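Residue numbering for the sequence shown is 35 to 400, as defined by the numbering used here. Glycine is no exception: its CB is placed at the ideal position from the N, C-alpha and C atoms. As the structure is a computational prediction, the values presented were derived from the model and not from experiment. Step one of this worksheet: look at the structure below.
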Amino acid sequence: MEKAKISPGQLFALILLFDAGTAIIRVLATKAEKDAWLAILFGVAGGLLIFSIYISLYRLYPKLPLTGYAKAILGQKVGWFLGLLYILFFIHGAARDLREGSDLLISSLLDQTPEVVVSAVMIMSIGYVLRKGIEVLARTALIFVFVLGVLAVSSNLLMYVAGIVDVDRLLPVLENGWRPIFDITLKQTFEFPYEELVCFTMLLPYLHNSSRRGTRAGFAAVLTSGILLSYSSATNIAVLGTQILNRATFPLLYTISLINIGDFMQRLDVFVVLTLIVGDFFKIAIFLYAGIMAATDLFQVSDYQKCVSPIAVIVLLVSLVLSGDFAEQIEEGDVLLVTVFLLFGVGIPLFLWMVAKLRIIIKKRS
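If you want it as structure tokens, here you go:
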């Protein structure tokens, strides 16, 4: 592993950008209609529960990444094979987010630019930062959390000044009762985007002094990102209404584009595009870094930097062949959410934790 340390504040920034960075522009829990924001808010409980599994494993093996304690718990051969599957999972996650970010940039700003060019520039930038180390990425995350925070507050103030927010569109609350909310919570918001946090099992060993402050910062980031996603959903509904929202590919982009103050302050959708670029950058970077460190650990590579370029190229190539268009990618993502992501994000970590605890109990009794 790389010799580096990250602080609790840096972990908070990384998780916040990873969790909310791209999900905030997506359409979530649409089947709950006006109460989508409630379903997203209730889903935070699932995020905290999932993250607690990762933290429990981290406390059992504070100096090992997921690929390391998989071998310690299941044995070298089984653990190694499981680690190999996680490399593929991390590469796929990075490729999906690279494709998603490229699609948004092309549809909103760079409609005459080939997708391969947009994707290549982004993955090259990410590869450059990762060569500098996880500490550089973490410090950069702190800066961008502040920048995006200022943009978010400014955008919200301008929406209210422009008078495009109609709270009545959120009423009546619980129009269809609790059942649709609970159904959506269990089927979607309980897992997404929290299952993807399994990437951080490869980063937690870098926490400075394995401090409890660091784990608390992680939980705080998950909670904060969930609240932000819920607020973003409520804002989109209050501005667009459920009918337009359900048809919009990038609802937040459309919401911000409606701001018009005196025919002077308008076309502020660049704020959303900037948010997407930054969020997507960090999400791809963390997926990619997790894959790189997993490969470094499994194949006993002396310097992780040797794996950066090959894996980055693989991610780029996979992103270009993933799906035909954005709608198809979203449809595939809905299937992956309850299959692959559920298995790798929840099922396997939970199984590892149960086996590890069982081994500890047996060892104590013997």
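According to DSSP, I59 sits in a beta bridge with which residue or residues? Mapped onto the sequence shown, residue 59 falls at position 25. None; I59 has no bridge partner.
Can you name, in chain order, every residue of its own chain whose Cβ lies under 7 Å from the Cβ of W114, other than the five neighbours on each side? Within the sequence shown, the letter at position 80 stands for residue 114. Excluding residues within five positions, the ones whose Cβ falls inside 7 Å are K105, L332.
Check whether F124 and A255 have beta carbons under 8 Å apart: Working through the sequence shown from its first residue, we reach residue 124 at position 90. Working through the sequence shown from its first residue, we reach residue 255 at position 221. No, these two residues do not count as a Cβ contact at 8 Å.
With a threshold of 7 Å on Cβ separation, who are the neighbours of V306 within its own chain once the five nearest residues in sequence on each side are excluded? Within the sequence shown, residue 306 is the residue found at index 272, counting from 1. Around V306: I59, L286, L287, I290.
Reducing DSSP to helix, strand and coil, say where Q300 ends up. As a first step, residue 300 is located in the sequence shown; it is residue number 266 there, counting from the start. It is a strand residue.
Short of 6 Å in beta carbon distance, which residues of its chain neighbour Y92, apart from the five on each side in sequence? Order them along the chain. Along the sequence shown, read from residue 1 onward, the residue named residue 92 stands at position 58. The residues are L238.
From the DSSP output, in three-state form, read off I295 for me. On the sequence shown, residue 295 is found 261 positions in, with the first residue counted as 1. Correct three-state label for I295: strand.
Quick one: what does DSSP say L370 is sitting in, helix, strand or coil? The count along the sequence shown starts at 1 and reaches residue 370 at position 336. Residue state, collapsed to three classes: helix.
From which residue to which residue does the alpha helix (DSSP H) around D145 run? Working through the sequence shown from its first residue, we reach residue 145 at position 111. Element bounds for D145: n/a, residue is neither H nor E.
Do T223 and G77 have their C-beta atoms closer together than 8 Å? The residue given as residue 223 occupies position 189 in the sequence shown. The residue given as residue 77 occupies position 43 in the sequence shown. Closer than 8 Å, so yes.
Report the three-state DSSP secondary structure of I290 (helix, strand or coil). Reading the sequence shown from its first residue, position 256 is the one you call residue 290. DSSP places I290 in helix when its eight states are reduced to three.
Which first and last residues belong to the alpha helix (DSSP H) in which N210 is found? Within the sequence shown, residue 210 is the residue found at index 176, counting from 1. Where N210 is concerned, there is no enclosing alpha helix (DSSP H), given that its DSSP letter is neither H nor E.
On the criterion of 16 or more Cβ atoms from any shown chain inside 10 Å, does V151 qualify as buried, or is it exposed? Locating residue 151 in the sequence shown gives position 117, counting from the first residue. Under this definition V151 is an exposed residue.
Measure the alpha-carbon distance for F52 versus Q44 and round it to whole angstroms. For the purposes of this step, residue 52 is taken as the residue at position 18 of the sequence shown. For the purposes of this step, residue 44 is taken as the residue at position 10 of the sequence shown. Cα-Cα distance, rounded: 12 Å.
With a threshold of 8 Å on Cβ separation, who are the neighbours of V207 within its own chain once the five nearest residues in sequence on each side are excluded? In the sequence shown, counting from the first residue as 1, residue 207 sits at position 173. The answer, listed in chain order, is K68, D69, L72.
For L192, which of I87, I177, M299 has the nearest alpha-carbon? Position 158 of the sequence shown, counted from the first residue, corresponds to residue 192. That would be M299, whose Cα lies nearest to the Cα of L192.
Would you kindly check if the distance between the Cβ of S267 and the Cβ of I74 is under 8 Å? Reading the sequence shown from its first residue, position 40 is the one you call residue 74. Reading the sequence shown from its first residue, position 233 is the one you call residue 267. Yes, these two residues count as a Cβ contact at 8 Å.
Determine the DSSP secondary structure at L237, reduced to helix, strand or coil. Locating residue 237 in the sequence shown gives position 203, counting from the first residue. L237: coil per DSSP, three-state reduction.
Contact check, P383 vs I87 under 8 Å by CB: the rounded distance? Here residue 383 corresponds to residue number 349 of the sequence shown, with the count starting at 1. Here residue 87 corresponds to residue number 53 of the sequence shown, with the count starting at 1. Indeed they touch by this definition, with Cβ atoms about 5 Å apart.
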